[in-house]
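Heads up, the thing below is written out as structure tokens.
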Amino acid sequence: MTTSPPRSRATSKTAFDLPAKTKPERARATRILDALERCYPDAHCELDYTNPHELLFATILSAQATDVGVNQVTPALFERFPTPADYAAATPAAIERLIKRIGLFRNKAKAIHAAATRLVEVYDGVVPATMDDLLTLRGVARKTANVVLGNAFGINVGVVVDTHVARLAQRFGLTEHTDTGKIERDLMALFPRPRWTMASHLLIAHGRRVCKARGSTCVEHPVCRRYCANASVET
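Each step along the sequence shown adds one to the number in the working numbering, with nothing skipped, and position 117 is 117.
Put into structure tokens, the structure is as follows:
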């Protein structure tokens, strides 16, 4: 059985080695993606945005909130503050008033204001397209940076791991971990790099619609019947 050696990411302060995976393990992971892609050909980022900074701020808002809820408040937010400079020139309180329906809105308003201020002061108002630079922005951790890089710039640096991705990765036997960082490393080692961004969209789509935390319909879905531990079938 062929096992790939650990792979290292490009040199940076966020670089790390990926775990070794066998060729059959990688092939199985790719088959899962192929099956999900046939089920969800239109899978995509479900946050509404028209440019990188809108996606950045929408993703900050999405922490412990639903995409639907975020999409309800961002039209007014984006209209009131069309550029990072507009956010930076405002106050956190002014931002708060437009996002009150979102959980943790006060902290998120402060994060957006601070991130926008840094964008203006350090990056000339332009969202940077590297993981290292994005992680210097307040409110941005690796998950948010992955969302922005993958969807706004088409750069596959990692796999977005939210609760749906974590749950399905475990049920599909793609990881034995519960730590999101370790889950991401497993998925990066298993999935072809050009598909990292789409992999998260596909897993999220399936997790929201079928393979749910509660009340899942796994036994009724062909992908779950073949690959999901919850369906109690051979993989």
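The beta-carbon is built from N, C-alpha and C at its ideal position, and this holds for glycine as well. Nothing here was measured: the structure is a model prediction, and the numbers come from that model.
Exercise for the section: Leaving aside the five residues before and after Ala94 along the sequence, list all residues of the same chain whose C-beta is less than 7 Å from its C-beta, in chain order. Expected result: none
Problem - Limits of the alpha helix (DSSP H) - the one that His44 falls within - result: His44 -> no alpha helix (DSSP H), and no H or E assigned at all.
Exercise for the section: Go ahead and label Ala199 buried or exposed: buried means 16 or more other beta carbons lie within 10 angstroms of its beta carbon, across all protein chains shown. Expected result: buried
Exercise for the section: Ignore the nearest five residues each way along the sequence and tell me which others in Val147's own chain have a CB closer than 6 Å to its CB. Expected result: Thr59, Val160
Practice task
Taking Pro75 as part of the alpha helix (DSSP H), name the residues at either end of that continuous run.
Solution key: 67-80
Problem - As assigned by DSSP and simplified to three states, the class of Ser216 - result: coil
Practice task
Assuming Ala115 and Leu137 form a contact by the criterion Cβ under 8 Å, report the distance between their Cβ atoms to the nearest whole angstrom.
Solution key: 4 Å
Problem - Pick from Arg195, Leu36, Asp67, Lys182 that is closest to Ile155, judged by C-alpha positions - result: Arg195
Problem - Under the three-state DSSP convention, the category Ala29 falls into - result: helix
Exercise for the section: Using the Cα positions of Pro24 and Leu36, report the straight-line distance between them to the nearest angstrom. Expected result: 18 Å
Handout entry: Whole-angstrom distance between Ala169 and Arg142, CA atom to CA atom
Key = 18 Å
Handout entry: C-alpha gap between Ala166 and Arg31, whole angstroms
Key = 18 Å
Practice task
Give a yes or no on whether the C-beta atoms belonging to His44 and His201 are separated by under 8 Å.
Solution key: yes
Practice task
State buried or exposed for Val219, treating a residue as buried only when at least 16 other CB atoms are found within 10 Å of its CB.
Solution key: exposed
Exercise for the section: Whole angstroms is fine: what's the gap from Arg28's alpha carbon to Arg171's? Expected result: 14 Å
Problem - Leu149: CB within 7 Å of a non-hydrogen atom of the ligand ATP - result: In terms of ligand content, the structure shown is empty, and the ligand ATP therefore cannot be addressed.
Exercise for the section: Could you say if the region 78-91 and the region 116-123 meet the contact criterion of at least three C-beta pairs nearer than 8 Å? Expected result: yes
Handout entry: Cβ-Cβ separation, Asn71 to Asp48 (assumed contact under 8 Å), whole Å
Key = 5 Å
Practice task
Go to Gly150, then tell me how far its alpha helix (DSSP H) extends in each direction, as first and last residue.
Solution key: 142-152
Problem - Straight-line Cα distance separating Cys39 from Lys100 - result: 36 Å
Handout entry: Contact set for Pro222: own chain, Cβ-Cβ below 6 Å, skip 5 residues either direction
Key = none
Handout entry: Three-way DSSP call (helix, strand, coil) for Tyr40 in this model
Key = coil
Exercise for the section: Can you tell me which of Lys182, Ala213, Leu77, Ala85 puts its alpha carbon nearest to the alpha carbon of Val127? Expected result: Ala85
Exercise for the section: Measuring alpha carbon to alpha carbon, tell me which of Leu134, Leu56, Glu46 ends up nearest Leu203. Expected result: Glu46
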